[in-house]
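Asker: Taken in sequence, the protein lines are chains A and B. Heads up: the first sequence is residues 176 to 288, going by this note's numbering. Heads up: the second sequence is residues 47 to 160, going by this note's numbering. Even glycine gets a Cβ: it sits at the ideal position worked out from N, Cα and C.
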Amino acid sequence: QQQVKQSPQSLIVQKGGIPIINCAYENTAFDYFPWYQQFPGKGPALLIAIRPDVSEKKEGRFTISFNKSAKQFSLHIMDSQPGDSATYFCAASRVSGANNLFFGTGTRLTVIP
Amino acid sequence: EPEVTQTPSHQVTQMGQEVILRCVPISNHLYFYWYRQILGQKVEFLVSFYNNEISEKSEIFDDQFSVERPDGSNFTLKIRSTKLEDSAMYFCASAIQVNNEKLFFGSGTQLSVL
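(1) Just confirm the distance between the C-beta atoms of L92/B and F107/B, as a whole number of angstroms; I'd bet it's less than 8 angstroms.
(2) Within 10 angstroms of the Cβ of T53/B, are there 16 or more other Cβ atoms? Answer buried if so, exposed if not.
(3) Could you give the residue range of the beta strand (DSSP E) that holds Y211/A?
(4) Please state whether the Cβ-Cβ distance between A267/A and F214/A is less than 7 angstroms.
(5) Answer with yes or no whether the minimum CB distance from G62/B to chain E is below 7 angstroms.
(6) If we define contact as Cβ-Cβ less than 7 angstroms, is F278/A a contact residue for chain B?
(7) If you draw a straight line from the C-alpha of E90/B to the C-alpha of D254/A, how long is it?
(8) Would you list, in sequence order, the uninterrupted alpha helix (DSSP H) runs of no fewer than 4 residues that lie entirely inside the stretch 178 to 212 of chain A?
(9) Judging by CA-CA distance, which residue of I287/A, R283/A, G191/A is the nearest neighbour of C265/A?
(10) Does the stretch 119 to 131 of chain B come close enough to the stretch 65 to 74 of chain B that 3 or more CB-CB pairs lie under 8 angstroms?
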């Protein structure tokens, strides 16, 4: 059972563009939705996260949009830079009780200079 | 900045052999996790550990797997009899609190079973 579906699998944008990565979840009990950034040879690093009580959260150039009724959330990267080239994973979990994060399948982002 | 340290970075083993993957979580963290990532696939939860016992485990974490915190700093994952399908990148993670927020991952151990 795929708890979190992520698209697209890969994405290429020009520097300054706004890549958008989408995720959809199934379990309505999920109440914590983080995005992780992973560079080659490194572990995933927490980028930004949102709870379902807000529809948007912005941290620097990174914005999460959250649609609770559609059970979807997305990551937008404003003014993308070549240094943003990495694999991005969305994830979901229940904050209270369960410990495990359910990850999406990842999006490999390439930002062309 | 404190980080989760994993050793070795690469481990090659023969099928049927036992392997131990080692992790040093961030020193004041209380919750410890193992995740794995098969090449090109998503990161999958294996097990969580708190107060010297397993809190939760996935269906992947069968009797061939075990975890241990042998001292105050190390957290290990043992695979008793490795199979080809155990080949993956294994990530250790730790958190100061249980609710998954601010989960810190190590750089991983790439396990290759031949």
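Answerer: Straight from the coordinates:
(1) Counted from its first residue, the second sequence places residue 92/B at position 46. Counted from its first residue, the second sequence places residue 107/B at position 61. Confirmed, about 5 angstroms.
(2) For the purposes of this step, residue 53/B is identified with residue 7 of the second sequence, where counting begins at 1. Label assigned to T53/B: exposed.
(3) Counting from one through the first sequence, the residue named residue 211/A turns up at place 36. First-last of the beta strand (DSSP E) with Y211/A: 208 to 213.
(4) Position 92 of the first sequence, counting from 1, holds the residue named residue 267/A. Position 39 of the first sequence, counting from 1, holds the residue named residue 214/A. The answer is no: Cβ separation not under 7 angstroms.
(5) Included in the structure are the protein chains A and B, with no chain E among them.
(6) Counting from one through the first sequence, the residue named residue 278/A turns up at place 103. Yes, because at least one Cβ of chain B sits closer than 7 angstroms to the Cβ of F278/A.
(7) Along the second sequence, read from residue 1 onward, the residue named residue 90/B stands at position 44. Along the first sequence, read from residue 1 onward, the residue named residue 254/A stands at position 79. So the two alpha carbons sit approximately 31 angstroms from each other.
(8) Given a length threshold of 4 residues, the stretch 178 to 212 of chain A has no whole run of the alpha helix (DSSP H) inside it.
(9) As a first step, residue 265/A must be located in the first sequence, where it is residue number 90. It is R283/A.
(10) yes
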